[in-house]
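In the UniProt record's numbering, the protein residues as written are 1 to 768.
A virtual CB, placed ideally from N, CA and C, is assigned to each residue, including glycine.
Remember, it's a predicted structure, so these values are computed and weren't measured experimentally.
Step one of this worksheet: look at the structure below.
Pasting the structure below:
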């Protein structure tokens, strides 16, 4: 400590202050500070020493030196439980993860080091039913709560007590350290957290406050209650025991009901369970009088009634707010009683039947009383004034001049928009707004066959035909027509005289036959056998009450290919068809005629699609008389030949071009196809004798089709509309072989001349 000074320590007096227990010492020769015995951090964690050095004359060698010593902790203390036995109460219904008790311990080691870092762990649970993991402990706080399994399986009727062994260990989550074991006893109790009964609370109650009005209870040693305030702050409260108080008088007219939520939570602020609800209903007392909505009512009795209304702020479910009305005075007065009546419970003012409007006054003044408690003694009351102007009312309903109109006979072919009839009604009221009459069809026109147009000013209505009539469907209509005013009828009800019937008879008219289809489509091969039935046309006579028969005939059969049976409507093929003559589609018309009325006819078109067959041979087209080839053979010289077949494309192309079966002919000539209808004719050898050569070419058309297993061609014939059977598929292979002798004039010029003359003649033979 004093090393480096120039004086000898042996002559110095060293003093160590703050060392009252003699724990420390200083070597006078070396100046080293040393311990006399072990330190204990838990007894004292810090020491402050002051060293002074004096000479023989008691003079300081240097200023005092202060030494601060911090005692470093070591893990020499084990956790100590705060209780010998931990016990808790667990209520059924406690939420998972909400702690209901704590295991706690202390460790004397330094709390800032792991030596005092305590961790908690459940080692065992007795009994282990219904699950061995009913509980969980927070490793840092020692809070015990239900696990997910425990929350769903807890049942006090099966297990009423549990014992847990909880380990408390220092050094945190390290494997080393001291530990101790805590015994925990848990009592399982039934859930007492039950919603309290609704409370009836008298308003303006004069008692000492706060007043207990209800109580709740959560079974636990650690519970805190509170209320959710959906009410004026402080009006209700709850204490530590679960008692619920009202703290002051309540007023039903301010608020008639309160819904209070009650919560129970642990010391960490977590809810044990869902909150309860308490319904508080404020009971009424008669502390309000009836109040009219107006002081003066000024009305006209157009509807023969007027209404006054008073309201009482007391509970409408009690007599405190039940109001009774009464007329106290009328001006001008009448000989006896009043000219008006007021509903005792409703406040509706009506004119007395005895009042004759023609002779009575037109203006009245009434004083009306409204009393609560249904007009009995001890209640409150108020009055209002009603000024009444008596006016005329709609008290006469419109009536028909007769209750039946018709019957009206209407032919079924009557045009839409035709007027059927006009009907009339009357009204005895005097004012025009009460005399306006509306007509409406109540029944008999559900399908909208007729339309009714009202003329309210003159009390008439016209009935028009809106849809076509059909005698075969409906022969008679009975329309029930009623009349009414725009204004509501007062004092009377409409009777049978405000309703009338209109009878319409539908007259039968002979109608034309109706063909089942307007157009028929038929597909048929042009090679179809004569006598084949294409289809049967069907027509009907809409006149179901007539027995006339129908006949059928054809029109526009320009080729005379078809016939039709007059009775059955069957259309047959009677002449050979030729697709090439009509360009695929042949259209005729069928006429269905009513024999009883020949002018009544129905028609339908038949479109016959004639399918092509291979019934024509191909032939060459074009003029080849001036075509020629040169000898010796020149490169790329040829003659293009072309073929044509009158059949449709599907039955003609592609063509086959071939040479006649002659060895010499096939040696001298070649044919090469260009496409389906054209080919090249060329020399087969380089030299032919100049002159005219006869080249015989065989020209064939080819049919490509689906085939049967025997190799026969199949063509599908589509279903013919109107024919009840299907023409079976026929196999058609039509190959027409035509051998056409083609005389091609080929001019060969043998150039035997030499020099310029030979060159000139050869040039003249070259094709242009």
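At least 8 angstroms separates the beta-carbon of residue 691 from that of residue 667. Nearest Cα to residue 269 within the set 71, 223 and 436: 223.
One thing to note: residue 34 has its Cβ no nearer than 8 angstroms to the Cβ of residue 22. Annotated as proximal: residue 123 and residue 165, with beta-carbon spacing under 8 angstroms. Here DSSP, grouped into helix, strand and coil, assigns residue 519 to strand. Under the three-state reduction of DSSP, residue 622 is assigned to coil, being neither helix nor strand.
The three-state secondary structure of residue 160, taken from DSSP, is coil. Approximately 6 angstroms separates the beta-carbon atoms of residue 394 and residue 489; this is inside 8 angstroms, confirming the contact.
By DSSP's assignment, residue 411 forms a beta bridge with 507.
Shortest Cα-Cα distance from residue 225 to any of 184, 200, 271 and 290 involves 271. Contact check for residue 349 and residue 307: beta-carbon distance about 7 angstroms, within the 8 angstroms limit, so the pair qualifies. Contact check between the segment 85–92 and the segment 204–220: three or more CB pairs, one atom from each, fall below 8 angstroms, which counts as touching. Here residue 119 is buried. Its C-beta has 16 or more other C-beta atoms within 10 Å. Between the alpha carbons of residue 62 and residue 16 lies a distance of about 14 angstroms. Taking the Cα of residue 102 as reference, the smallest distance to any Cα among 368, 67 and 141 is reached at 141.
No Cβ-Cβ contact shorter than 8 angstroms links residue 172 with residue 75. With contacts defined by Cβ atoms closer than 8 angstroms, residue 153 and residue 131 form a contacting pair. Ranked by Cα distance from residue 614, the options 600, 603, 646 and 588 are led by 646. In the DSSP assignment, residue 380 falls outside any beta strand (DSSP E), carrying neither H nor E. Here the alpha carbons of residue 607 and residue 415 stand approximately 34 angstroms from one another.
Per DSSP, the unbroken alpha helix (DSSP H) holding residue 153 starts and ends at 148–153. In its chain, beyond the 5 residues on either side, 92, 188, 189 and 190 have a beta carbon closer than 7 angstroms to the beta carbon of residue 156. For residue 539, the closest alpha carbon among the candidates 331, 569 and 482 is that of 569. Boundaries of the beta strand (DSSP E) harbouring residue 199: 199–202, taken from the DSSP string. Looking at the backbone, the Cα of residue 503 and that of residue 407 are separated by about 4 angstroms. DSSP, reduced to helix, strand and coil, places residue 434 within a helical segment of the structure shown. Burial is judged here by how many other beta carbons sit within 10 angstroms of a residue's own beta carbon; residue 267 has fewer than 16 and is exposed. With a cutoff of 8 angstroms on beta-carbon distance, residue 472 and residue 542 are scored as near each other.
In the same chain as residue 411, and ignoring 5 residues on each side of it, the C-beta atoms closer than 6 angstroms to its own belong to 507 and 509, in chain order. Sorting 433, 450, 431 and 401 by C-alpha distance to the C-alpha of residue 417 places 450 at the top. Under the DSSP definition of a beta bridge, residue 594 partners with 550. Using a Cβ-Cβ distance cut-off of 8 angstroms, the segment 277–288 and the segment 242–256 are in contact, since at least three pairs of beta carbons, one from each stretch, lie closer than that value. Note on geometry: alpha-carbon atoms of residue 77 and residue 42 lie some 9 angstroms from one another. Restricting attention to 323, 519 and 206, the CA atom closest to the CA of residue 604 is found in 519. Looking at the DSSP output, residue 183 sits in a beta bridge with 85 and 165. In this structure residue 461 touches residue 422 by the C-beta definition: roughly 7 angstroms separates them, less than 8 angstroms.
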